[in-house]
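Here's the structure, in structure tokens; my notes come after.
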Amino acid sequence: MSLIKDAQNQIGELFISGFKGTSLSDETRSFIKNKNIGGIILFAHNYETPEQVTSLNKDIQSCQNNFPIWISVDQEGGRVQRFTKPFTIIPTAEVIGNSDSPTAIFEISQMMAKELRSVGINLNFCPVADILTNSKNPVIGNRAFSSNPEIVAKSVTAMIRGHLTHGVQACVKHFPGHGDTLQDSHDELPKIDVSLETLESRELIPFTKAFKSRCSMVMTAHILNPKLDNQFPATLSEFTLKTILRKKLRYSKVIISDDMEMKAITHHYGELEAPILALKAGCDLLIYRSQKACEIAFEAIFKALEQGQLDPQIVLDAANRSLTLKKDFFNTKG
Numbered sequence: 007m008s009l010i011k012d013a014q015n016q017i018g019e020l021f022i023s024g025f026k027g028t029s030l031s032d033e034t035r036s037f038i039k040n041k042n043i044g045g046i047i048l049f050a051h052n053y054e055t056p057e058q059v060t061s062l063n064k065d066i067q068s069c070q071n072n073f074p075i076w077i078s079v080d081q082e083g084g085r086v087q088r089f090t091k092p093f094t095i096i097p098t099a100e101v102i103g104n105s106d107s108p109t110a111i112f113e114i115s116q117m118m119a120k121e122l123r124s125v126g127i128n129l130n131f132c133p134v135a136d137i138l139t140n141s142k143n144p145v146i147g148n149r150a151f152s153s154n155p156e157i158v159a160k161s162v163t164a165m166i167r168g169h170l171t172h173g174v175q176a177c178v179k180h181f182p183g184h185g186d187t188l189q190d191s192h193d194e195l196p197k198i199d200v201s202l203e204t205l206e207s208r209e210l211i212p213f214t215k216a217f218k219s220r221c222s223m224v225m226t227a228h229i230l231n232p233k234l235d236n237q238f239p240a241t242l243s244e245f246t247l248k249t250i251l252r253k254k255l256r257y258s259k260v261i262i263s264d265d266m267e268m269k270a271i272t273h274h275y276g277e278l279e280a281p282i283l284a285l286k287a288g289c290d291l292l293i294y295r296s297q298k299a300c301e302i303a304f305e306a307i308f309k310a311l312e313q314g315q316l317d318p319q320i321v322l323d324a325a326n327r328s329l330t331l332k333k334d335f336f337n338t339k340g
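Mapping the sequence shown onto the working numbering, position 8 (from 1) lands on 14, and the numbers just tick up by one.
Spelled out as structure tokens, the structure:
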């Protein structure tokens, strides 16, 4: 019973939650503090000015208990840049990748990380490690550095190094590759039919190189590939995350889900079942863009532990991976 209680006390560390507004409401502050929420994600609707977001992030960190909170954002450049002027407007990954200059990309990455760090951001969901295998891909497109795996790999590793040099954790996405799809997982569940052998010769190359460049976070793709798993998309697939990512690629760090409120998940898997499936599959941290959905998922996991539907060791191991990275990254003993 104590193991279950220990796991229930660690549930909050598994979440990266969004919220409404440009300042913390009493309700959100209470949620972060009382549930020990491990991370926050900011969107354009949370941003007005650098001064405002700096104050907001200080307020968020004041809610921490023993460890700093991951304060994250999607700041890729191009069409995915949550903080705009006076932040530097970053060109698309395609434009950056066309330079084929790791030195230039490293310098761009340093600039991005300096700006983010100056306002209190410590985690950027960047870079995109997807290869533009399908030129008609609606969701990736110019978010990819290239259609060439080696150029993507060089660009991704340079971007990671630049972020880490200036105290911002990078997160490569979307494993095992979102570049060969025709559907947008924000709206529907994309399906691809690619063998593991093909993935190894293309999509997995940038991820493998990224992990060797000290990247300690990887985000999953909400993509169904029957050649790997005919029942679950990568985010919910034990074979994809445990067999391929953990065992085959020997990745031991933090696995983060893409937004669990995207329709690829919500329209096919229940809001109570999906977070449990994701944890069982091997995800360590779950992103929810809204506080309400995060609260529902929190309670679902709490009850699943109580009712014996989720092994408490899964929760403890996931929380430990996040906390171990925090200890190392923030140089804190906790």
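All C-beta atoms, glycine included, are put in the ideal place defined by N, C-alpha and C.
How is residue i classed by DSSP in three states: helix, strand or coil?
i, result
"histidine 180", "strand"
"valine 145", "coil"
"isoleucine 137", "coil"
"threonine 109", "helix"
"alanine 297", "With the sequence shown as reference, residue 297 is identified as glutamine, and alanine is not the correct amino acid for it. In this structure, glutamine 297 counts as helix in the three-state DSSP scheme."
"leucine 62", "helix"
"glutamine 87", "strand"
"glutamine 116", "helix"
"aspartate 12", "helix"
"glutamate 82", "strand"
"isoleucine 96", "coil"
"glutamine 67", "helix"
Can you tell which of the options has its C-alpha closest to the C-alpha of residue i?
i, options, result
"methionine 117", "Leu291, Glu82, Leu311", "Glu82"
"cysteine 289", "Lys41, Ile22, Gln14", "Ile22"
"histidine 180", "Asn140, Thr204, Pro133, Val200", "Pro133"
"isoleucine 282", "Ser8, Arg167, Asp12, Ile17", "Ile17"
"serine 31", "Cys69, Leu20, Gly45, Thr55", "Cys69"
"glycine 27", "Tyr275, Asn52, Asn326", "Asn52"
"leucine 210", "Leu170, Asn154, Gln189, Met165", "Asn154"
"tyrosine 275", "Glu194, Asp80, Ala176, Pro108", "Glu194"
What is the residue span of the alpha helix (DSSP H) that residue i lies within?
i, result
"valine 321", "318 to 335"
"valine 101", "99 to 104"
"leucine 251", "Looking at the DSSP string, leucine 251 is not in any alpha helix (DSSP H), and its letter there is neither H nor E."
"asparagine 236", "Counting along the chain, asparagine 236 falls outside any alpha helix (DSSP H), and DSSP gives it neither H nor E."
"asparagine 71", "That residue, asparagine 71, is in no alpha helix (DSSP H); it is neither H nor E in DSSP."
"arginine 35", "32 to 40"
"phenylalanine 217", "210 to 218"
"serine 207", "202 to 207"
"lysine 26", "Looking at the DSSP string, lysine 26 is not in any alpha helix (DSSP H), and its letter there is neither H nor E."
"alanine 270", "269 to 272"
Over the uninterrupted beta strand (DSSP E) stretch that includes residue i, give me the two end residues.
i, result
"valine 79", "76 to 79"
"serine 23", "21 to 23"
"leucine 48", "45 to 48"
Determine the contact status of residue i and residue j, defining contact as a CB-CB distance below 8 Å.
i, j, result
"phenylalanine 49", "arginine 88", "yes"
"glutamate 277", "isoleucine 302", "yes"
"arginine 149", "threonine 98", "yes"
"proline 232", "valine 162", "no"
"alanine 164", "phenylalanine 131", "no"
Which residues does DSSP list as the beta-bridge partners of residue i?
i, result
"glutamine 175", "Leu129"
"threonine 226", "Phe181"
"leucine 291", "Ile262"
"lysine 197", "Leu230"
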